[in-house]
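The structure appears right after this line, and notes come after that.
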Amino acid sequence: MRRNGTLLAGSAYTIWGLFPLYFKALHSVPSLEILLNRMVWSLLFLIGILTWKKHWGWISQAIRNPKLVMSFALSATLLSANWLVYIWAVNEGRVIDASLGYFITPLVNILLGAVALRERMRTMQWVAVSFAAAGVLWLTWLTGNLPWIGLTLALTFGTYGLLRKTSSLGALEGLSLETALLFPFAGGYLCWLALQGQNAWFTQDSHVVTMLLLTGPVTAIPLLLFAAGARKIPLTTLGILQYISPMVQFLMGIWLFHEPFNAQKLAGFALIWLALILYSAEGIWMNLRKSEAKPA
Numbered sequence: 001m002r003r004n005g006t007l008l009a010g011s012a013y014t015i016w017g018l019f020p021l022y023f024k025a026l027h028s029v030p031s032l033e034i035l036l037n038r039m040v041w042s043l044l045f046l047i048g049i050l051t052w053k054k055h056w057g058w059i060s061q062a063i064r065n066p067k068l069v070m071s072f073a074l075s076a077t078l079l080s081a082n083w084l085v086y087i088w089a090v091n092e093g094r095v096i097d098a099s100l101g102y103f104i105t106p107l108v109n110i111l112l113g114a115v116a117l118r119e120r121m122r123t124m125q126w127v128a129v130s131f132a133a134a135g136v137l138w139l140t141w142l143t144g145n146l147p148w149i150g151l152t153l154a155l156t157f158g159t160y161g162l163l164r165k166t167s168s169l170g171a172l173e174g175l176s177l178e179t180a181l182l183f184p185f186a187g188g189y190l191c192w193l194a195l196q197g198q199n200a201w202f203t204q205d206s207h208v209v210t211m212l213l214l215t216g217p218v219t220a221i222p223l224l225l226f227a228a229g230a231r232k233i234p235l236t237t238l239g240i241l242q243y244i245s246p247m248v249q250f251l252m253g254i255w256l257f258h259e260p261f262n263a264q265k266l267a268g269f270a271l272i273w274l275a276l277i278l279y280s281a282e283g284i285w286m287n288l289r290k291s292e293a294k295p296a
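Under the UniProt record's numbering, residue 296 is the last one in the sequence shown; the count climbs by one each step, no gaps.
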C-alpha cells in the first residue's frame with residue numbers, strides 16, 4: 001500500500017513539476033484566458049468523474065451550508081490567484097522564481113498554522129523559518145525587489161491549504177465546488193471575449209484549442225492522484241515528495257529554458273534549501289521518536 005501511495009503521490013508532484021512545459025506551449029494565449037479555460041474545463045471534467053462515480057449526494061448538503069460555501073468562495077479566489085500568477089510567471093520566463101514559491105510553501109504553512117491554528121512551533125522549525133527568511137531577504141537585497149512571485153504563490157497556496165485543511169469536503173468535492181463557484185465568471189468572460197472576437201477558441205489553431213480543452217483533465221488528474229496517494233503513506237513521506245515539483249521546475253528553468261541564475265542568486269536559494277533540510281530532518285526525527293514511544 002505504501003509503495004502504491006508513494007507512486008501515486010510522486011506521480012502527482014512530477015506532473016505538477018512539468019506544468020511549465022504545458023503552459024509554455026500556450027504562450028500565444030493571454031495568461032488570464034488560460035486561467036479561465038482551466039476553470040471551465042476542470043469543472044466539466046470533474047462533473048464527468050462525479051457522474052461516473054454517481055457521487056452527487058454531497059452537493060445538497062453543501063449548498064445548504066452558507067458558511068461552507070463562503071469558505072470555498074474564498075479558497076476558490078485564492079486558488080485562481082495562485083493559478084494566474086503561476087501561469088503568468090511561466091509565460092514570462094520566470095519559472096525559477098515560481099519554483100521558489102513552492103520551495104518555501106511548507107515553511108509558510110508552519111507560520112500559518114502558528115498564527116491561525118495556534119500550533120506551537122518547535123525550536124528547529126523556528127531555525128528553519130529563520131534561514132528561509134534570510135534567503136528571501138538576500139534575494140530582495142540582491143534584486144532590489146521582494147521576490148513577489150514566489151511569495152505570492154507560497155502565501156496563496158499556503159492559505160488555500162489552511163482553508164482546505166479545516167474543511168469537511170474531500171479533494172474531489174472541494175475542487176468541484178470551487179470550480180462551480182468560479183464557472184459563472186470564467187464562462188461569462190470567455191463569452192464576452194468571443195463576442196469581441198478575441199477568444200482563443202476562434203483565433204488560434206486547432207492544436208492550441210485542443211490544449212486549452214485539456215487544461216481540465218491536466219488540472220484534475222494530478223490532484224486526484226495526490227488525493228489517492230496521500231491516504232496510503234505517512235505525512236513524513238508526503239512531506240519529502242512535495243519537493244519533487246519545485247525541484248523539477250527549478251531544473252527546467254535553468255537547463256531547458258536557460259533563465260538567468262548566477263552565484264549570488266544561488267546563495268539565496270541555498271539558504272532556503274538549508275531551511276527545508278532542517279525542517280524535513282526535524283519532522284522525520286520527531287516521527288521516529290513518536291514511533292519509538294508507542295507501546296509494543
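By construction, the Cβ of each residue, glycine as well, lies at the ideal position given by its N, Cα and C atoms.
Subject >> Identity of the residue in Thr237, Ile34 and Leu175 nearest Leu224 by Cα >> reply: By one-based count along the sequence shown, residue 224 stands at place 224. The shortest C-alpha separation from Leu224 is found at Leu175.
Original post:
Under the rule that 16 or more other beta-carbon atoms within 10 Å means buried, what is Leu256, buried or exposed?
Top reply: The sequence position of residue 256 within the sequence shown is 256, counting from 1. Result: exposed.
Original post:
So, Gly101 versus Ala154, is the Cβ gap smaller than 8 Å?
Top reply: Here residue 101 corresponds to residue number 101 of the sequence shown, with the count starting at 1. Here residue 154 corresponds to residue number 154 of the sequence shown, with the count starting at 1. Yes.
Original post:
Going by other Cβ atoms of all chains shown within 10 Å of its Cβ, with 16 needed for buried, is Phe185 buried or exposed?
Top reply: In the sequence shown, counting from the first residue as 1, residue 185 sits at position 185. Sixteen is the threshold: since fewer than 16 other Cβ atoms of the shown chains lie within 10 Å of the Cβ of Phe185, the residue is exposed.
Subject >> Segment contact, 8 Å Cβ cut-off, at least three pairs: the region 18-34 with the region 187-207 >> reply: Short answer: they touch.
Subject >> Buried or exposed by the 16-neighbour rule on C-beta atoms within 10 Å, applied to Val248 >> reply: Stepping through the sequence shown from its first residue, residue 248 is reached at position 248. With 16 or more other Cβ atoms within 10 Å, it is buried.
**OP:** Enumerate in chain order the residues of its own chain whose CB-to-CB distance from Leu202 is below 7 Å, with the five nearest sequence positions on each side excluded.
**Re:** As a working note, residue 202 is residue 202 in the sequence shown. The question names Leu, but residue 202 is Phe in the sequence shown. For Phe202, where only same-chain residues beyond five positions count, the Cβ hits under 7 Å are Ala194.
Subject >> Beta carbon of Ala275 nearer than 8 Å to that of Ala128 >> reply: The sequence position of residue 275 within the sequence shown is 275, counting from 1. The sequence position of residue 128 within the sequence shown is 128, counting from 1. In contact: Ala275 and Ala128 (Cβ atoms closer than 8 Å).
Original post:
Quick one, which of Phe45, Phe103 and Arg120 has its alpha-carbon nearest Thr219's?
Top reply: By one-based count along the sequence shown, residue 219 stands at place 219. Out of Phe45, Phe103 and Arg120, the CA that lies nearest to the CA of Thr219 is found in Phe45.
Subject >> Cβ contact (3+ pairs, closer than 8 Å) linking the region 207-219 and the region 113-124 >> reply: no
Original post:
What is the residue span of the alpha helix (DSSP H) that Pro246 lies within?
Top reply: Counted from its first residue, the sequence shown places residue 246 at position 246. Counting along the chain, the alpha helix (DSSP H) containing Pro246 begins and ends at Ile244 to Leu251.
**OP:** Have a look at Pro246, Lys265 and Leu137 and flag the residue whose alpha-carbon is nearest the alpha-carbon of Ile15.
**Re:** Sequence index remark: in the sequence shown, residue 15 carries index 15 (1-based). Measuring from the Cα of Ile15, the nearest candidate turns out to be Pro246.
Original post:
Cβ of Phe261 within 8 Å of Cβ of Ile254?
Top reply: What you label residue 261 is simply residue 261 of the sequence shown in a count that begins at 1. What you label residue 254 is simply residue 254 of the sequence shown in a count that begins at 1. The answer is yes: Cβ separation under 8 Å.
**OP:** State the start and end residues of the unbroken alpha helix (DSSP H) segment that holds Ser42.
**Re:** Locating residue 42 in the sequence shown gives position 42, counting from the first residue. Residues Ser31 to Lys53.
**OP:** Check His258 in the structure and name its three-state DSSP category.
**Re:** For the purposes of this step, residue 258 is taken as residue 258 along the sequence shown, with counting starting at 1. Of the three classes helix, strand and coil, the one that applies to His258 here is coil, per DSSP.
Subject >> Cβ-based neighbour list, Lys24, same chain, cut-off 8 Å, excluding 5 preceding and 5 following >> reply: Your numbering for residue 24 matches position 24 in the sequence shown. Around Lys24: Val90, Asn91 and Phe257.
**OP:** Classify Glu119 as helix, strand or coil using the three-state DSSP reduction.
**Re:** By 1-based counting over the sequence shown, the position of residue 119 is 119. Look at Glu119 here: in three-state DSSP terms it is coil, with no helix or strand label.
Original post:
DSSP state of Gln198, grouped into three classes?
Top reply: As a first step, residue 198 must be located in the sequence shown, where it is residue number 198. Coil at Gln198, not helix or strand.
Original post:
If you draw a straight line from the alpha carbon of Phe103 to that of Tyr243, how long is it in whole angstroms?
Top reply: If you number the sequence shown from 1, residue 103 lands on position 103. If you number the sequence shown from 1, residue 243 lands on position 243. Going from the Cα of Phe103 to the Cα of Tyr243 covers about 7 Å.
Original post:
Can you list, in chain order, the stretches of the alpha helix (DSSP H) that have 4 or more residues and sit fully within the region 92-146?
Top reply: 95-116 and 123-143
**OP:** Check whether the Cβ atoms of Ile233 and Thr6 lie closer than 8 Å to each other.
**Re:** Taking the sequence shown and counting its residues from 1, the one referred to as residue 233 is at position 233. Taking the sequence shown and counting its residues from 1, the one referred to as residue 6 is at position 6. Between Ile233 and Thr6, the gap from beta carbon to beta carbon is short of 8 Å.
Subject >> Endpoints, alpha helix (DSSP H) assigned at Thr152 >> reply: Numbered from its first residue, the sequence shown carries residue 152 at position 152. Note, Thr152: alpha helix (DSSP H), Trp148 to Lys165.
**OP:** Report the rounded CA-to-CA distance for Ala73 versus Ala263, giving the unit in angstroms.
**Re:** As a working note, residue 73 is residue 73 in the sequence shown. As a working note, residue 263 is residue 263 in the sequence shown. Looking at the two C-alpha atoms, the distance is approximately 42 Å.
Original post:
With distances taken from CA atoms, which of Ile59, Thr152, Val208 and Leu107 is nearest Gln125?
Top reply: What you label residue 125 is simply residue 125 of the sequence shown in a count that begins at 1. Closest option to Gln125, Cα to Cα, is Leu107.
**OP:** Pull up the distance between the alpha-carbon of Thr152 and that of Arg94, whole angstroms please.
**Re:** In the sequence shown, the residue the question calls residue 152 occupies position 152. In the sequence shown, the residue the question calls residue 94 occupies position 94. In a straight line, the C-alpha of Thr152 is about 13 Å away from that of Arg94.
Subject >> Ile240 versus Thr156: straight-line alpha-carbon distance, rounded >> reply: Taking the sequence shown and counting its residues from 1, one reaches residue 240 at position 240. Taking the sequence shown and counting its residues from 1, one reaches residue 156 at position 156. Going by the C-alpha atoms only, they are around 21 Å apart.
**OP:** In angstroms with no decimal places, state the Cα-to-Cα distance between Ser11 and Trp88.
**Re:** Looking up residue 11 in the sequence shown gives position 11. Looking up residue 88 in the sequence shown gives position 88. One C-alpha to the other measures close to 24 Å.
Original post:
Do the CB positions of Leu75 and Tyr160 come within less than 8 Å of each other?
Top reply: Taking the sequence shown and counting its residues from 1, one reaches residue 75 at position 75. Taking the sequence shown and counting its residues from 1, one reaches residue 160 at position 160. According to the sequence displayed, residue 75 carries Ser and not Leu. Here Ser75 is near Tyr160, since their CB atoms are less than 8 Å apart.
Original post:
Would you report the Cα separation of Asn4 and Gly229, rounded to the nearest angstrom?
Top reply: Residue mapping note: residue 4 aligns to position 4 of the sequence shown, counting from 1. Residue mapping note: residue 229 aligns to position 229 of the sequence shown, counting from 1. Distance between the alpha carbons of Asn4 and Gly229: 7 Å.
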